[in-house]
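The opening residue of the sequence shown carries number 1352 in the numbering used here; numbering runs sequentially from there.
All residues carry an ideal CB built from backbone N, CA and C; glycine is no exception.
Everything on this sheet refers to the single structure shown next.
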Amino acid sequence: MIRIHKPTKPPKRLIEKGKPKTRGMKSAYTRNHMAYNIGERTFQFESSIYGHKSVKGALDTAQHGKCCFCESKVKPTAHGDVEHFRPKGGYRQTADQQLERPGYYWLAYDWPNLYFSCQICNQSYKKNLFPLLDPTTRARNHHHDEAEEDAIFIDPGLEDPETHITFRAEFAFGKTNRGKETIEFLGLNRPVLVGARREALQQWQMLKYVLDSDSAGLETEGIEELVRSKLQPDAQYSAMFRAYLNG
Ligand SMILES: [Zn+2]
1352 MIRIHKPTKP PKRLIEKGKP KTRGMKSAYT RNHMAYNIGE RTFQFESSIY GHKSVKGALD
1412 TAQHGKCCFC ESKVKPTAHG DVEHFRPKGG YRQTADQQLE RPGYYWLAYD WPNLYFSCQI
1472 CNQSYKKNLF PLLDPTTRAR NHHHDEAEED AIFIDPGLED PETHITFRAE FAFGKTNRGK
1532 ETIEFLGLNR PVLVGARREA LQQWQMLKYV LDSDSAGLET EGIEELVRSK LQPDAQYSAM
1592 FRAYLNG
C-alpha cells in the first residue's frame, strides 16, 4: 500500500447524482431507523453512480492503475472494482461475525471513501470487513462522525501506509499493530502476491547488480533509469522497492 492523492474535487457524477441520493437515504433512515437497523429495510445503491466510468477513471489515474491495497497493476488482466473503504451496505468486525446493518450508506457516493482495487483484494479479502480497534467508536449512522472511529485499516487517502507497513524482501511486514492487522485481513502476503513481488524484486536486484558492479564499457544510463523507476509511485510494488533500499 502507498499513499494515494486523489484530486480534491469529486467527479461531477458524484456531486450531481450521488449527493441527492445520499440526502434521500439520510431522510429515509431518519424516518425509519429501526427498520434499517434490523435489516427489515435495506438501501439500494446505484453502481452507475459510484462505479461510473468518470469515477473509476479518476481513481485509476490517481492510483496509477494500481490496486489501492496490493499495488498490483489491475488493468492488464481485469476491470477492477470501485471499492468502498467503509462498506456501504453492512459491515463485519471480523470475518466470522454476522453482517451488521445498515452499513455506511451515507458514504456510498462519497469521494474520499472510494478507491480503485483489484477484484481479489476487494471480493476475496476485504469484502464487508471494517474492523475497529474499539468497536464502541463505530459510526452506526449518518448522525455519527466516522472520523472519530478507531479504524484498523490504514486509509491510504489520509495517512501514509508506509509508516505502518514495510517489506522484508518480498514479504509485507507490519511496523505497527494496525499494519500487522491490515496485512492479515487483506491477505497482503498471499502466496500468489508474494510470488509476483519476488519475481519483480529478483529482476530489479539483477539490474542493480549490473549497475553497482560498474561493468566497464556497459551503457548503464538506461539501466539506472529503470532501477530508479521502480521506486516511483506509478511502479508496481514501489513500497517494496523503497523498503529494500532503506532496509
Ligand atoms: Zn489488490
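Span of the beta strand (DSSP E) around residue i
i, result
"L1552", "Per DSSP, L1552 belongs to no beta strand (DSSP E); it is in the alpha helix (DSSP H), 1542-1563."
"Y1460", "No beta strand (DSSP E) contains Y1460, which DSSP labels as neither H nor E."
"Y1466", "1465-1468"
"T1412", "Where T1412 is concerned, there is no enclosing beta strand (DSSP E), although the alpha helix (DSSP H) it sits in stretches over 1404-1413."
"I1516", "1516-1519"
"H1435", "1432-1435"
DSSP state of residue i mapped onto helix, strand, coil
i, result
"F1536", "helix"
"E1510", "coil"
"R1529", "helix"
"R1452", "coil"
"L1365", "helix"
"F1477", "Position check: residue 1477 holds Lys in this sequence, whereas Phe was assumed. Helix, per DSSP."
"A1446", "coil"
"A1502", "strand"
"A1386", "helix"
Cβ separation of residue i and residue j, assumed to be a contact under 8 Å, to the nearest whole Å
i, j, result
"T1381", "G1440", "Their Cβ separation, rounded to whole angstroms, is 18 Å, which puts T1381 and G1440 out of contact at 8 Å."
"T1488", "D1501", "5 Å"
"S1468", "F1420", "6 Å"
"R1437", "E1497", "6 Å"
"F1524", "A1590", "So it is not a contact: roughly 11 Å between Cβ atoms."
"V1433", "Y1456", "Not quite, the Cβ-Cβ distance comes to about 16 Å (not below 8 Å), so this is no contact."
"V1545", "E1510", "Actually they do not touch by this definition, with Cβ atoms about 24 Å apart."
"G1431", "Q1470", "7 Å"
"Y1387", "R1452", "6 Å"
"A1459", "H1435", "7 Å"
Where the alpha helix (DSSP H) containing residue i begins and where it ends
i, result
"T1381", "1370-1382"
"E1575", "1572-1580"
"R1593", "1589-1597"
"Y1401", "1398-1401"
Cut-off 7 Å between Cβ atoms - residues of its own chain near residue i, not counting five sequence neighbours on either side
i, result
"H1403", "R1364"
"D1485", "D1501"
"H1493", "K1377, Y1380, W1457"
"N1479", "P1438, G1441, Y1442, R1443, L1450"
Beta-carbon contacts of residue i that lie in its chain and below 6 Å, excluding the five residues immediately before and after
i, result
"S1405", "P1362, R1364"
"P1482", "Q1444, I1503"
"R1593", "L1582"
Own chain partners of residue i with C-beta closer than 8 Å, once the 5 adjacent residues on each side are dropped
i, result
"Q1449", "R1443"
"S1423", "K1417, C1469, L1544, A1547, Q1587, Y1588"
"I1355", "A1413, Q1414, C1419, Y1466, P1507, G1508"
Exposure label - residue i; buried when at least 16 CB within 10 Å
i, result
"M1557", "exposed"
"L1596", "exposed"
"H1515", "buried"
"S1378", "exposed"
"M1376", "buried"
"K1477", "buried"
"N1528", "exposed"
"Y1560", "exposed"
"M1353", "Strictly speaking, residue 1353 in this sequence is Ile, with Met absent from that position. I1353 comes out buried."
"N1464", "buried"
"I1534", "buried"
"A1409", "buried"
Below-8 Å beta-carbon distance, residue i vs any chain D residue
i, result
"Y1455", "Going by chain labels, chain D is absent from the structure shown, which holds only one protein chain."
Near ligand 2, which residues have their beta-carbon less than 6 Å from any of its heavy atoms, given in chain order?
In terms of ligand content, the structure shown lacks ligand 2 and carries ligand 1 instead.
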